[in-house]
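*Asks:* Submitted below is the structure of interest, expressed as structure tokens.
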Amino acid sequence: SQQGEEDPQALSIQEGENATMNCSYKTSINNLQWYRQNSGRGLVHLILIRSNEREKHSGRLRVTLDTSKKSSSLLITASRAADTASYFCATDAQGGSEKLVFGKGTKLTVNP
Amino acid sequence: NAGVTQTPKFRVLKTGQSMTLLCAQDMNHEYMYWYRQDPGMGLRLIHYSVGEGTTAKGEVPDGYNVSRLKKQNFLLGLESAAPSQTSVYFCASSYSDRRVGAFFGQGTRLTVV
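So the protein sequences, as listed, match chains A and B.
Position one of the first sequence corresponds to residue 53 (the numbering used here), numbered consecutively onward.
Position one of the second sequence corresponds to residue -5 (the numbering used here), numbered consecutively onward.
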């Protein structure tokens, strides 16, 4: 079964608004990653947060991690039409697992 | 720097036929992965490898085999294709410490008729 589950499945916002996506996972992890996928393309890595970190920023992206709740959130501020894509979280389980397991993704549409 | 290259990009197979998908990476990554992506299912891990000569099963390994004879290549084989294997297949690679996340190929769209 898939480790991560993103919420919501789909999100539609206006340009300039913030977009927040959530990810919940089942087992303890070493790190959690967020990826972006444009339609018909491969995934692109956005940001990685380690299990001992609580928040991380990269440009307009802000990721938080709450290991006690086994959840993470991705915030995209001041969204642009070009941010329209699907966003996935991925985790590797703690204890030396080399697997990288993805959730089902959130489809974000930013309307101009 | 090509990154991760998948061949072929598209393929149509008849039920029962076999084929091999090739993934090549030029970043000296230790880990390599094969995923399939189906509508509404996200990415599901088929097989993965932590180094040359090693492979391991993922979430959905049935009907697939893999080999990693060289560090830079990871092959995914379908011995007897079934319509249920119609999907988009993605290969990815990463460093073992995942310092910069995984790099993905552009995908192979496979249709089994």
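By construction, the Cβ of each residue, glycine as well, lies at the ideal position given by its N, Cα and C atoms.
Quick caveat, the model's predicted, so the values are computed rather than measured.
Using 10 angstroms around the beta-carbon of Thr143 of chain A, count the other beta-carbons present and answer buried if the total reaches 16, otherwise exposed.
*Replies:* Result: buried.
*Asks:* Which residues in the same chain have their Cβ closer than 7 Å to the Cβ of Ser53 of chain A, if we skip the five residues on either side of it in sequence?
*Replies:* Because Ser53 of chain A sits at a pLDDT of 48, beneath the cut-off of 50, its placement in the model cannot be relied upon, and the point is left open.
*Asks:* Closer than 8 Å, CB to CB, is Arg179 of chain A near chain B or not?
*Replies:* Outside the displayed span of chain A (53 to 164) sits residue 179 of chain A, for which this structure offers no information.
*Asks:* Are there three or more Cβ pairs, one per stretch, closer than 8 Å when the region 66 to 86 of chain B is compared with the region 14 to 28 of chain B?
*Replies:* Judged by Cβ distances under 8 Å, the region 66 to 86 of chain B makes contact with the region 14 to 28 of chain B, as three or more pairs qualify.
*Asks:* Cβ of Asn90 of chain A less than 8 Å from any chain B Cβ?
*Replies:* Not one chain B Cβ lies under 8 Å of Asn90 of chain A.
*Asks:* Per the DSSP calculation, Asp91 of chain B is bridged to which residue(s)?
*Replies:* Paired residue(s): none; Asp91 of chain B is not in a bridge.
*Asks:* Flag this pair as touching only if the region 86 to 96 of chain A and the region 84 to 95 of chain B have three or more C-beta atom pairs under 8 Å; answer yes or no.
*Replies:* A contact exists between the region 86 to 96 of chain A and the region 84 to 95 of chain B.
*Asks:* Where DSSP assigns a beta bridge to His109 of chain A, which residues make up the other side?
*Replies:* The partner list for His109 of chain A (beta bridge, DSSP) reads A:Arg114.
*Asks:* Have a look at Leu63 of chain B and Leu100 of chain A and give me their C-alpha separation to the nearest angstrom.
*Replies:* Distance between the alpha carbons of Leu63 of chain B and Leu100 of chain A is about 30 Å.
*Asks:* Going by Cα to Cα distance, which pick from A:Lys159, A:Leu160, A:Val153, A:Ser138 is closest to Val96 of chain A?
*Replies:* The shortest Cα separation from Val96 of chain A among A:Lys159, A:Leu160, A:Val153, A:Ser138 belongs to A:Ser138.
*Asks:* Please give the ranges of any alpha helix (DSSP H) in the region 14 to 39 of chain B, keeping only runs that are unbroken, at least 4 residues long and fully inside the region.
*Replies:* Entirely contained in the region 14 to 39 of chain B, not one alpha helix (DSSP H) run reaches 4 residues.
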